[in-house]
Structure formats: C-alpha cells, structure tokens
Amino acid sequence: MIEKTITYDQSYQVNNHGYYGEFGGAYIPEILYPNIQELKTRYLDIIHSPDFQEEFNQLLRDYVGRPTPLYFAKRMSERYNTQIYLKREDLNHTGAHKINNTIGQILLAKRLGKEKIIAETGAGQHGVATATVCALMNVECIVYMGKIDMERQRPNVERMRLLGATVVPATSGSQTLKDATNEAMRHWINNPEDTHYIIGSVVGPHPYPDMVARFQSVISEEMKAQLKEKTGSENPHHVIACVGGGSNAMGAFYHYLDAKNVNLIAVEAAGKGVDSGESAATTYLGKPGVLHGSRTLLMQTPDGQVVEPYSISAGLDYPGIGPAHAHLFASGRAEFMSVTDDDAMKAGKLLCRTEGIIPAIETAHALAILEQRKFDPKEVVVINLSGRGDKDLQTYIDYEFGL
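Counted from 1, the sequence shown has number 328 at position 328 by my numbering; the numbering is strictly sequential.
#1: How many whole angstroms separate the CB atoms of L405 and G122, which I take to be in contact at a CB cut-off of 8 Å?
#2: Please state whether the Cβ-Cβ distance between Y71 and Y85 is less than 8 Å.
#3: With distances taken Cα to Cα, identify the nearest neighbour of V64 among E379, Q226, E115 and I103.
#4: Check whether the Cβ atoms of P323 and M299 sit closer than 8 Å, and answer yes or no.
#5: Q394: buried (16+ other C-beta within 10 angstroms of its C-beta) or exposed?
#6: Could you round the C-beta distance between Q83 and E379 to whole angstroms and report it? I think they count as a contact, below 8 Å.
#7: By a C-beta neighbour count over all protein chains shown, 10 Å radius and 16 as the cutoff for buried, is T301 buried or exposed?
#8: Roughly how far, in whole angstroms, is the beta-carbon of A360 from the beta-carbon of S386, given that I think they are within contact range, below 8 Å?
#9: Only counting runs of 4 or more residues, tell me where the alpha helix (DSSP H) segments fall wholly within the segment 272-332, in order along the chain.
#10: Roughly how many whole angstroms lie between the Cα atoms of D275 and V243?
#11: Could you work out which residue in H238, G289, H292 and K260 is closest to V267 when comparing CA atoms only?
#12: Determine the closest residue to Q216 out of H126, V157, Q37 and A314, with distance taken between C-alpha atoms.
#13: By the DSSP assignment, the alpha helix (DSSP H) with Q13 in it spans what residues?
#14: Have a look at G124, H206, D210 and A129 and flag the residue whose alpha-carbon is nearest the alpha-carbon of P169.
#15: Would you tell me roughly how many angstroms separate the C-alpha atoms of I383 and R373, rounded to the nearest one?
#16: I need the DSSP call for F401, collapsed to helix, strand or coil.
#17: With DSSP collapsed to three states, give me the class of F375.
#18: Look up S175 in the DSSP assignment and say whether it is helix, strand or coil.
#19: In the DSSP assignment, the alpha helix (DSSP H) including Y27 goes from what residue to what residue?
#20: What are the boundary residues of the beta strand (DSSP E) that includes Q153?
#21: Could you give the first and the last residue of the continuous beta strand (DSSP E) run that contains L385?
#22: Compute the Euclidean distance between the alpha carbons of P50 and L59, then round it to the nearest angstrom.
#23: From the DSSP output, which residues share a beta bridge with P192?
#24: Given a cut-off of 8 Å, decide if I106 and V139 are closer than it, judged by their beta-carbon atoms.
#25: What does a CB cutoff of less than 6 Å around I6 pick up in its chain, not counting 5 residues either side in sequence?
#26: Unbroken alpha helix (DSSP H) runs of length 4 or more, entirely within the segment 37-96: which are they?
#27: Taking the DSSP output, what are the residues bridged to E120?
#28: How do the segment 253-264 and the segment 6-26 stand: do at least 3 beta-carbon pairs fall below 8 Å, yes or no?
#29: Measuring only the C-alpha atoms, how far is D317 from Y399?
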C-alpha cells in the first residue's frame, strides 16, 4: 500500500517530462519513438490553434449534442438526504463520454496526416465512438476488443461493424480490456507511419494521459457554469465518478483539481470483493509498475506479472489506472473507494426505479457510493453519469433473474 499525504502545494497537471508526481512517462519501443515524439512536440500547438478549437467545439455542439444537462435527481436526493446532481454524459451521441475524446483525436490525427485509426475497447463505448468519428471523417478504423467482452457487449460490436469498423478479437490472457490494449499496441508497433492510435482513457505513454484529459475536461468546464446557474456556486462539495483507466473521472475532476474545498471521489470495481482474487480495485491491490507505456499503479504478482482483473463491468476490469489518478491517490488529493458487483447492480437498478434512467454498469459503481457514506443535507454532490445502460441490458436481465 502507498502511504498518502495530502499536499495542495503541488501540481496535479503533467510536468514537462510527462510525469504526474512519480507516475507517467513514456515507456515505449524504439520504433514508436517518432510517433510519440511528434505527438509530444505538436499536440498542444494543434489543439490550441483557433481552427482546431472552432471545428472541435462545433462538432461537440452540433454533432455530439453538448452541453450535456446537469440534472437534479429529486427522488435520489430525498432518499439520501442530500443534493444529488447527475452530469448526463449518457445523453451524448453514442451514449457515453467517450465521444468527446474521439472527436478531438480524429481531428488531431487528420492534422498529423494519419490515414488509419486503431483503438482498443472494453465495454465497447470507446470502440463505437472511434468507429463513429472514423465514419464521419472517412478514415479506416480497426478496433481491438477482448473476446469475452465481445460476447457480453454484442450490441456494441454490431454497432462498430455497422459503422464500418473492423473489430478484431483479443484472445490472449483474460480476453478483456488489458489484452485488447496489448493487441492494439502491437498493431501500432508494426504500422507506425500511417496509423494513429486513439487511446480511449487517460492511460498509455505521455502525452496520451494529458491529451485525453484535456479533451474530456469539457465535462467539468460545463459543470462549473451549470452549478453556478443552479446553486449559485461553481464548486460542488463532492464530485463522484467511476474509474477503470479513468477518463470520465478525469474529465469530471479536471477543473476542480486545485479547488481544495471540492472532494474528489474515484470509484473502482471491487468485483466479488477486494480480497476475493476477482477484483479490479487497483489502488487497494496495486503497487507501482509499468503498464501500456506509463508508470502507474498496477495489480501485479511479487515478481511483476500482471494480475488478471475482474469486474461485472466490461469497462472497469483493467489492472491499472491512469498515471494522473495514481498521483491523485498517492498524494491524497482524491478519495478512492471500491464497489462490488452486487452493490453496483443494486445501485443501477435503483436509479432505474427512482429517476427513470438506466445507467451503464460502470456508472452504477459510482452511484453505489451513496450507500457507503453519508453526505450532509446541504452538500451538493455531482455524480458523473458517464454512459447509458443500453449496452448492459442483457447483464442487468441475467443478474435480475439469476441467469
């Protein structure tokens, strides 16, 4: 376990060397060095340029459907005796926050002259979002997805194929997100010149964690304005989001990282229990190591082999977390909690019955925190509802009827 000390005089942004505290960096094969170096030297200039910003914001508004609403969940607030707001990322085109990042990265890839796109996906939402923007921009798309995830997220597989993407099963290891990422990395190593890898979370070698966080920061940027209108203050008391790699959480946290009075709560998947051997609670079980190109917290054996993660949620069964989240955990800036399969499924069902919203099972993990801890009646609690549960209907049905 890492000893945590809260210090607010440090930066929670990436430094010039690609690190968040002791985490981050770019641990890559030599053949990918030109790609990563080009991204490092050009991404900030490109994404801050007026023409990029104009196209990016126009697509977020007219194509994605932003800004997404900040919804006051009246019945949930009454049940838990606090003020609960849901940031409705589930109402984005494609059904999750993932589209924010893929819009940004496809525009970046076009400006870098890349002709092909590869991606990895777990629950399928990032894969669908990538296939969507590739269809929009007429770019070839290959998505790697774990064979097990393909079976439990079949609707998203068919969506990707309908959008013109080639979906390639990852059949090694646990056949889930980690293995899909491995296969996508191998493809990129073999095709570095004409291919851009759209990583879906705040993971991977620098500058990906920072780049994805910047594209997802539109979430907290909107939250500040919406909270000001609804509550009179830009800052809530708590922001809660689920964490696999951590892109939706980083998007929800981004503009509050230096706000000392805003508590950040990141929720990991405990699976069948953190000590059950079937879990994805990285901050509880992990220790520093290198995974997919960056130094972060990683579930691993004493000799450094990756421990296979487990979660009922296809988007949370990742054995690590993004390096920025590892730093938030190690520094004590964010509070990391974990939720079991059973508690997540109960929380998802509760939202269905109280607010008429079917959440993604990833999001249901964040909702389950409301059962674990109490909030003051006057406190404002924002939960990032990162995706809708259409893709998880069969899992909900199987769980409900014990199949």
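Quick reminder that beta carbons are idealized off the backbone N, C-alpha and C, glycines included.
A quick look at the data gives this:
#1: For residue 405 there is no data in the structure shown, the boundaries of the chain being 1 and 403.
#2: Within the sequence shown, residue 71 is the residue found at index 71, counting from 1. Within the sequence shown, residue 85 is the residue found at index 85, counting from 1. Taking 8 Å as the Cβ cut-off, Y71 and Y85 qualify as a contacting pair.
#3: Reading the sequence shown from its first residue, position 64 is the one you call residue 64. Ranking the options by Cα distance to V64, first place goes to I103.
#4: Counting from one through the sequence shown, the residue named residue 323 turns up at place 323. Counting from one through the sequence shown, the residue named residue 299 turns up at place 299. Contact: no.
#5: Within the sequence shown, the letter at position 394 stands for residue 394. Exposed, by the Cβ-count rule.
#6: Reading the sequence shown from its first residue, position 83 is the one you call residue 83. Reading the sequence shown from its first residue, position 379 is the one you call residue 379. Sure, about 6 Å apart at Cβ, within 8 Å.
#7: By one-based count along the sequence shown, residue 301 stands at place 301. Under this definition T301 is an exposed residue.
#8: Taking the sequence shown and counting its residues from 1, the one referred to as residue 360 is at position 360. Taking the sequence shown and counting its residues from 1, the one referred to as residue 386 is at position 386. Confirmed, Cβ separation roughly 6 Å.
#9: 282-285 and 323-331
#10: The residue given as residue 275 occupies position 275 in the sequence shown. The residue given as residue 243 occupies position 243 in the sequence shown. Cα-Cα distance, rounded: 19 Å.
#11: As a first step, residue 267 is located in the sequence shown; it is residue number 267 there, counting from the start. Comparing Cα-Cα distances from V267 to each of H238, G289, H292 and K260, the minimum goes to H238.
#12: Working through the sequence shown from its first residue, we reach residue 216 at position 216. Looking at the Cα atoms, H126 is the closest of the given residues.
#13: As a first step, residue 13 must be located in the sequence shown, where it is residue number 13. Here Q13 belongs to no alpha helix (DSSP H), and DSSP marks it neither H nor E.
#14: Mapped onto the sequence shown, residue 169 falls at position 169. Answer by Cα proximity: G124.
#15: The residue labelled residue 383 in the question sits at position 383 within the sequence shown. The residue labelled residue 373 in the question sits at position 373 within the sequence shown. C-alpha separation (whole angstroms): 14 Å.
#16: The sequence position of residue 401 within the sequence shown is 401, counting from 1. DSSP places F401 in coil when its eight states are reduced to three.
#17: Start at 1 with the first residue of the sequence shown, and residue 375 comes out as number 375. Of the three classes helix, strand and coil, the one that applies to F375 here is coil, per DSSP.
#18: The count along the sequence shown starts at 1 and reaches residue 175 at position 175. Going by the sequence as given, residue 175 is Gln instead of Ser. Three-state DSSP puts Q175 in coil, outside helix and strand.
#19: Looking up residue 27 in the sequence shown gives position 27. First-last for Y27: undefined, no H or E at that position.
#20: Counting from 1 along the sequence shown, the entry for residue 153 is found at position 153. Counting along the chain, Q153 falls outside any beta strand (DSSP E), and DSSP gives it neither H nor E.
#21: Translated into positions along the sequence shown, residue 385 becomes position 385. From DSSP, the beta strand (DSSP E) with L385 extends over V380 to L385.
#22: Taking the first residue of the sequence shown as position 1, residue 50 is located at position 50. Taking the first residue of the sequence shown as position 1, residue 59 is located at position 59. Rounded to whole angstroms, P50 to L59 spans 14 Å at the Cα level.
#23: Numbered from 1 along the sequence shown, position 192 holds the residue referred to as residue 192. Bridge partners of P192: none, in fact.
#24: The residue given as residue 139 occupies position 139 in the sequence shown. The residue given as residue 106 occupies position 106 in the sequence shown. Yes.
#25: Within the sequence shown, numbered from 1, the residue matching residue 6 stands at position 6. Interpretation of I6 is limited by its pLDDT of 44, a score under 50 that renders its predicted location unreliable; the figure taken from the coordinates is listed afterwards. G332, listed in sequence order.
#26: 50-59 and 74-80
#27: Start at 1 with the first residue of the sequence shown, and residue 120 comes out as number 120. Beta-bridge pairing links E120 to Y144.
#28: yes
#29: Counting from one through the sequence shown, the residue named residue 317 turns up at place 317. Counting from one through the sequence shown, the residue named residue 399 turns up at place 399. The alpha-carbon atoms of D317 and Y399 are separated by roughly 18 Å.
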